[in-house]
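Chains as they are written, first to last, in the working numbering: chain A, 4 to 270; chain B, 4 to 270.
Cβ coordinates follow ideal geometry from the N, Cα and C atoms, glycine included.
Given the structure is predicted, the values throughout are model-derived calculations rather than measurements.
Written as structure tokens, this is what we have:
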């Protein structure tokens, strides 16, 4: 059972994991250095623990204790209990759904473990926006993706905003970073995946056609602004497009991911 | 040609349209009272003017004047020119892509005008989040929607964040509010549209099946949290679902809109 510890001083050093959650720069440094990440909201906290992540601590207002009683009963981490006003002073914003947990990161699993048994892999090269990463995970989990691979520079799926937008899908789907950016797609091809890059390249075919009848597919998306790097665009087995209305040449990357997952799952 | 007016006092009353853009409450009151809305960024400002909206004024740093020269040349509204630092003091945030315009709202067009010639209408009952409204317009415009109808309480497509996320699609797609909430869907059925509500209702069929072979379709989405009202759910001709992975029962509404538009456009 988690130890309940009432706190009435927002500068208490034991709350260090929860400081200034809106300061992206500071949080990145702090979370990397200490190997932690945050989950926010009763549902997402529960999914993080059920996904196998070990809590370092919890922080919540008293009224959230009951709803998370089952989660707290299975942990021996401290649970800091404080008023919503004090929690806001610590985190720097009003915490929706009141409960937070700080959890230990785990080393990225090896590629083999993530690909084991997967028939549909979503590959995100360089997404910059944490909300888009979270949205891609959420849509992927709902629409048939088995695993996610990330380029070396892709935004962190365990950053708080990504976790929240994903509704915890970042804990449910296996994922890892590709070990070798340059040969990431040929490596997947060599393992029996048809790699399909979403792009506006001149030889792009409609996505439905590119994935039709394929067994194992890796669907590859680039960054919000510039799309895929030339290397990934050219080293994919196929270049594909979501057909769009005349005069319009782009969808938001989260919308494109959702449509592309839907189409690929029905190949 | 727009009159260029250099401003060096951020409290200048002529800049009133651009004050405190992050204060949602204040902006709603101000924009409603004065019948205005804001467009942000060179591309979106241009699309607003090309979409037939009349500028009240422009506000930009000197380096954006060239890129918008063609737009400014066709307007006789004042263009307030000030440094990016001063612009930030007026608006309360760092203006990406530097240019803003304040434009006159127009009365909502009549339903007949919006439906004229339309075969695929997207109907948003009660979206709360401006970004989701903007995303639905952007995906809709890209994926074959001819017109958009909004429930009386749906968030405003001309609110700055909606305009921005839509990339200007709110100026390109015809849209209006439904005049009668209670009979909104039967009214569409009477005009020859098959109304298809996205819902988790027990009699929901896969969307692809619900729209197959239909001529005119109205695709109906509810709010982020609770989905459609019972009245709309029950008064639609069909209830439909986007098939999802086991154990997952929802997509983000913007992702659902994108997938549903893709499927419906291919009916």
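*Ordered along the chain, which non-local residues of its own chain (more than five positions away) have a Cβ less than 6 Å from that of residue 85 of chain A?*
10
*Note the first and the last residue of the continuous beta strand (DSSP E) segment covering residue 60 of chain A.*
58–63
_Check whether the segment 19–31 of chain B and the segment 168–187 of chain A touch, using three or more Cβ-Cβ pairs below 8 Å as the test._
no
*At what residue ranges does the segment 181–215 of chain A contain a whole run of the beta strand (DSSP E), taking only runs of 3 or more?*
197–201
*Whole angstroms is fine: what's the gap from residue 53 of chain A's alpha carbon to residue 107 of chain A's?*
13 Å
*asked:* Just to confirm the assignment: which complete alpha helix (DSSP H) runs, minimum length 4, are found wholly within the segment 99–158 of chain B?
replied: 114–118 and 133–145
_Start-to-end residues for the alpha helix (DSSP H) that takes in residue 162 of chain A_ = From DSSP, residue 162 of chain A is part of no alpha helix (DSSP H); its letter is neither H nor E.
*Step through the CB atoms of chain B and report whether any lies within less than 9 Å of the CB of residue 262 of chain A.*
yes
*According to DSSP, is residue 37 of chain A helix, strand or coil?*
helix
*What's the gap between the Cα of residue 70 of chain A and the Cα of residue 190 of chain B?*
44 Å
_9 Å is my cut-off, CB to CB: does residue 146 of chain A come that close to chain B?_
yes
*Express the C-alpha separation of residue 60 of chain B and residue 266 of chain A in angstroms, rounding to a whole number.*
44 Å
*Relative to the C-alpha of residue 154 of chain A, which residue among A/37, A/67 and A/188 is closest?*
A/188
_Does the CB of residue 247 of chain B have a neighbour CB from chain A at under 9 Å?_
yes
*Using alpha carbons as the reference points, say which of B/79, B/17, B/87 and B/244 lies closest to residue 206 of chain B.*
B/244
*asked:* Since residue 123 of chain B and residue 220 of chain B should fall inside the 8 Å C-beta cutoff, what is the C-beta to C-beta distance between them, to a whole number of angstroms?
replied: 6 Å
*Looking at the unbroken alpha helix (DSSP H) that takes in residue 265 of chain B, where does it start and where does it end?*
256–268
*May I ask which residues mark the beginning and end of the alpha helix (DSSP H) holding residue 227 of chain B?*
Careful: residue 227 of chain B lies outside any alpha helix (DSSP H) and carries neither H nor E.
_CA-to-CA distance, residue 146 of chain B to residue 257 of chain B, given in whole angstroms_ = 13 Å
_For residue 234 of chain A, which residues in the same chain have their Cβ closer than 7 Å to its Cβ, ignoring the five residues on either side in sequence?_
185
*Out of A/149, A/247, A/95 and A/225, which has the shortest C-alpha to C-alpha gap to residue 200 of chain A?*
A/225
*Taking just the CA atoms, how far does residue 43 of chain A sit from residue 195 of chain A?*
38 Å
*Could you have a look at residue 220 of chain B and say whether DSSP puts it in helix, strand or coil?*
strand
*Spatially closest choice to residue 67 of chain A from A/105, A/143, A/81 and A/45, by CA coordinates*: A/45
*How would you label residue 229 of chain B, buried or exposed, when you count the other beta carbons within 10 angstroms and need 16 or more for buried?*
exposed
*Residues of chain A with a CB under 8 Å from the CB of residue 265 of chain B: which are they?*
245, 262, 265 and 266
*Do the CB positions of residue 149 of chain A and residue 198 of chain A come within less than 9 Å of each other?*
no
_Whole-angstrom distance between residue 261 of chain A and residue 202 of chain A, CA atom to CA atom_ = 15 Å
*asked:* Strictly by DSSP, which residues pair up with residue 84 of chain A?
replied: A/9 and A/63
*Pick out whichever of B/94, B/73 and B/64 has its Cα sitting closest to the Cα of residue 87 of chain B.*
B/64
_Nearest-angstrom Cα separation, counted from residue 250 of chain A out to residue 19 of chain A_ = 51 Å
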